[in-house]
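To start, the structure under review is shown below, and the notes come after it.
2 protein chains.
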Amino acid sequence: MVSAASTLTQTLPEKITERLATRIVDGTYPPGSRLIEATLSQEFGLSHGPIRDALRALQHAGLVTILPYRGAVVTDVTVREIKELYQVRAALVGLRARWIAEDPQRQELVAQVKEPIARMQQLAGRDRAEYTRVALMVNRTLTESVSNHWLRSTLASLMLQTSRYTRLALASPAHQRFSAKQWQYLLLAIESGAGAQAEKIAGALSQATRDEAIKFLEQAMESRTAGAQTADSHTADSRSVSRQAKKPAA
Amino acid sequence: MVSAASTLTQTLPEKITERLATRIVDGTYPPGSRLIEATLSQEFGLSHGPIRDALRALQHAGLVTILPYRGAVVTDVTVREIKELYQVRAALVGLRARWIAEDPQRQELVAQVKEPIARMQQLAGRDRAEYTRVALMVNRTLTESVSNHWLRSTLASLMLQTSRYTRLALASPAHQRFSAKQWQYLLLAIESGAGAQAEKIAGALSQATRDEAIKFLEQAMESRTAGAQTADSHTADSRSVSRQAKKPAA
DNA sequence: GAATAATTATTGATTATTAATAATCCTTGG
DNA sequence: CCAAGGATTATTAATAATCAATAATTATTC
Numbered sequence: 110m111v112s113a114a115s116t117l118t119q120t121l122p123e124k125i126t127e128r129l130a131t132r133i134v135d136g137t138y139p140p141g142s143r144l145i146e147a148t149l150s151q152e153f154g155l156s157h158g159p160i161r162d163a164l165r166a167l168q169h170a171g172l173v174t175i176l177p178y179r180g181a182v183v184t185d186v187t188v189r190e191i192k193e194l195y196q197v198r199a200a201l202v203g204l205r206a207r208w209i210a211e212d213p214q215r216q217e218l219v220a221q222v223k224e225p226i227a228r229m230q231q232l233a234g235r236d237r238a239e240y241t242r243v244a245l246m247v248n249r250t251l252t253e254s255v256s257n258h259w260l261r262s263t264l265a266s267l268m269l270q271t272s273r274y275t276r277l278a279l280a281s282p283a284h285q286r287f288s289a290k291q292w293q294y295l296l297l298a299i300e301s302g303a304g305a306q307a308e309k310i311a312g313a314l315s316q317a318t319r320d321e322a323i324k325f326l327e328q329a330m331e332s333r334t335a336g337a338q339t340a341d342s343h344t345a346d347s348r349s350v351s352r353q354a355k356k357p358a359a
Numbered sequence: 110m111v112s113a114a115s116t117l118t119q120t121l122p123e124k125i126t127e128r129l130a131t132r133i134v135d136g137t138y139p140p141g142s143r144l145i146e147a148t149l150s151q152e153f154g155l156s157h158g159p160i161r162d163a164l165r166a167l168q169h170a171g172l173v174t175i176l177p178y179r180g181a182v183v184t185d186v187t188v189r190e191i192k193e194l195y196q197v198r199a200a201l202v203g204l205r206a207r208w209i210a211e212d213p214q215r216q217e218l219v220a221q222v223k224e225p226i227a228r229m230q231q232l233a234g235r236d237r238a239e240y241t242r243v244a245l246m247v248n249r250t251l252t253e254s255v256s257n258h259w260l261r262s263t264l265a266s267l268m269l270q271t272s273r274y275t276r277l278a279l280a281s282p283a284h285q286r287f288s289a290k291q292w293q294y295l296l297l298a299i300e301s302g303a304g305a306q307a308e309k310i311a312g313a314l315s316q317a318t319r320d321e322a323i324k325f326l327e328q329a330m331e332s333r334t335a336g337a338q339t340a341d342s343h344t345a346d347s348r349s350v351s352r353q354a355k356k357p358a359a
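Rendered as structure tokens:
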């Protein structure tokens, strides 16, 4: 479940897992790229063992697909799968909001995120990178505040995957402004202990983010299949994992 | 995510994972038992590699806890954690019911589970083992019918863990009868496409199962701490994983 | 009898080697 | 030219032997 660069990690494979996860999420390794054990073990100056472990962990996190005797490939998720992913995420984010709103000790958390959420109002539509940073941070704070261990870890796993696409949605200034507003409403609902309302707002925001991300992805898909032969970074069929297909830039 | 002895498995570690998972779930390896690489690799006639993989997979599934330089121990879940686990499960089982009820192609599934659910009525309060078997089977059929990949896999993971405790609840004839009734209502709600109602029934049943399981567990805890020195199978503090602590019966 | 040091069991990681296998390349015959 | 089939290659899967690291246990000493 890849604790997304949070709790100071211990073992070697965990460290590697996080470093690789970061590269996948931030796009350094685009979907379809192969993660080859030999290359990675050289790069990190390690033997195959820990690398293997890390790749397996990434598989469990859903960031990588392992084909027997073929190795790890950064998962290329179809639009349909992304929709499904967000659907589950929306439900759990709703649950998260409700449980937080119903937690007697919620004011601590409220105090912690009040300022960042206010700042999001300022940034919305102005500083894209910073807005994204703050938004993801607030999200993480909320997830980590959940006392239920299982909700926390499954949410963390889903978030890790969706963050790849949420970035896309947050690129739109219009969506930023919408998102900022919704966060403010959500904060109010949580503060006042309105569980059902908090759940509804959080779920709706998640759905909206999904719709926005999908819009971008479908555009990208079109332009990709249109000018297929031109650029090398994205072949028409990024699913056919042929040998020469994009190696991770070493 | 340990596909619980379902989809015909391929690789060695997956096979081992399933065999070990079965043993943990059915109580062959009680909570607190240590799973030692050397022993297992001998038993299965394999080298350490695949065993390691399997243990890591079990850790991801939440069935085992790995302590650095100490190895894998069958997770001993606190009552609080079990409550949390069921809370998430209840929410997702509710979601599962709703989505199935809203699926235009649901009648296929309905036809598939109608008979088993009718049979549950007959078995309830009479044949405990068979009732449990059918109930778990129906549950699995429902989970596997979910088209959303993420819901399916997270549910499968949660189910694998909860099945350890659901068994306890299903031991009670009263709960069996209650459960059988609720399943019938659930089937009707699904058949008629009443999503919200299906969600409510499924969630409520999950909660009831939880309450029943907790009751058993708390009884077991009491009797355990009371007559601590007597039996060897469950030490008072099954958390202290000392060297001599229950080895898996080889 | 408690603090500390030695011992032991066990995992973590490395290295080298062989087997298995999927993808690709390279014939060769039509 | 080109399609079918076999050789080649890249890469993972698994084994084995070894050493390092470490947590728990046992022994030792004052």
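In the order they appear, the protein sequences are chains A and B.
Each residue of the first sequence is one higher than the one before, counting from 110 in the working numbering.
Each residue of the second sequence is one higher than the one before, counting from 110 in the working numbering.
For each residue, glycine too, the CB sits at the ideal point set by N, CA and C.
Just so you know, these numbers come straight off a predicted model, no measurement behind them.
8 Å Cβ shell around A:ASN248 - same chain, five flanking residues per side excluded = MET268
Fully enclosed by the stretch 165 to 227 of chain B, which alpha helix (DSSP H) runs are 4 residues long or longer?
-> 188 to 210
To the nearest angstrom, report how far apart B:ALA210 and A:ALA298 are at their CA atoms.
-> 30 Å
My guess is that B:ILE310 and B:LEU295 are in contact by the Cβ rule of under 8 Å, so how many angstroms apart are they, rounded?
-> 5 Å
Please classify A:GLY336: does DSSP put it in a helix, a strand, or coil?
-> Bear in mind that a pLDDT of 43 at A:GLY336, under 50, signals an unreliable position, so the number given afterwards is only what the model happens to contain. Note: A:GLY336 maps to coil in three-state DSSP.
Which bits of chain B does A:ASP162 rub up against, with CB to CB less than 9 Å?
-> ARG161, ASP162, ARG165
The stretch 166 to 200 of chain A: positions lying closer than 7 Å to chain B by Cβ | HIS169, PRO177, GLU190, GLU193, LEU194, GLN196, VAL197, ALA200
For a contact meaning CB atoms closer than 7 Å, what does A:LEU260 contact in chain B?
-> VAL197
Under a three-way DSSP split, which group does A:ARG235 fall into?
-> coil
Cβ of A:VAL183 within 8 Å of Cβ of A:ILE145?
-> no
Within its chain, find whatever has a CB closer than 6 Å to the CB of A:GLY203; leave out the 5 residues flanking it on each side and keep chain order.
-> GLU308, ALA311, GLY312
Assign A:THR126 to one of two classes, buried (16 or more other C-beta atoms within 10 Å of its C-beta) or exposed (fewer than that).
-> buried
Since B:LEU264 is in the alpha helix (DSSP H), which residue starts that stretch and which ends it?
-> 258 to 278
Does B:LEU204 come within less than 8 Å of chain A when only Cβ atoms are used?
-> yes
Rounded to a whole number of angstroms, what is the C-alpha to C-alpha distance between B:ASP236 and B:ILE226?
-> 14 Å
Residue-chain proximity (B:ASN248, chain A), Cβ-Cβ < 8 Å = no
Taking only runs that begin and end inside the stretch 275 to 326 of chain B, name each unbroken alpha helix (DSSP H) of 4 or more residues, in chain order.
-> 282 to 300
Can you name the residues that DSSP bridges to A:LEU144?
-> A:ALA181
Assuming A:ARG319 and A:TYR195 make a contact with CB atoms under 8 Å, what is their CB distance in whole Å?
-> 4 Å
Nearest-angstrom Cα separation, counted from A:ALA305 out to A:LEU176 | 43 Å
Hey, does B:GLU152 have any beta-carbon neighbour from chain A nearer than 8 Å?
-> no
Given a limit of 9 Å on CB to CB distance, which residues of the stretch 260 to 281 of chain B reach chain A?
-> LEU260, SER262, THR263, SER266, LEU267, GLN270
Where the alpha helix (DSSP H) containing A:VAL255 begins and where it ends | That residue, A:VAL255, is in no alpha helix (DSSP H); it is neither H nor E in DSSP.
Would you decide whether A:PRO70 is buried or exposed? Buried here means 16 or more other CB atoms lie within 10 Å of its CB.
-> What is shown of chain A runs 110 to 359, which leaves residue 70 of chain A out entirely.
B:TRP292 versus B:SER281 - alpha carbon distance | 16 Å
Pick helix, strand or coil for B:GLY136, following the three-state DSSP scheme.
-> coil
Taking just the CA atoms, how far does B:GLN230 sit from B:LYS124?
-> 35 Å
Can you tell me whether A:ALA376 is buried or exposed, with buried defined as 16 or more other CB within 10 angstroms of its CB?
-> No information on residue 376 of chain A is available, as it lies outside the stretch 110 to 359 that chain A covers here.
Take the Cβ of A:ARG165 as the centre, count every other Cβ of all protein chains shown within 10 Å, and call the residue buried at 16 or more, exposed below.
-> buried
Are the beta-carbon atoms belonging to A:GLY171 and A:ARG143 less than 8 Å from one another?
-> no
Measuring from the CB of A:ALA130, is there a heavy atom of the ligand ADP at a distance below 7 Å?
-> The ligand ADP is absent from the structure shown, which contains no ligands of any kind.
Separation of A:PRO140 from B:LYS324, as counted between CA atoms | 48 Å
Integer Cβ distance of A:THR252 from A:ARG205, believed to fall under 8 Å = 7 Å
Find out if the Cβ-Cβ distance for the pair B:ALA238, B:ARG286 is shorter than 8 Å.
-> no
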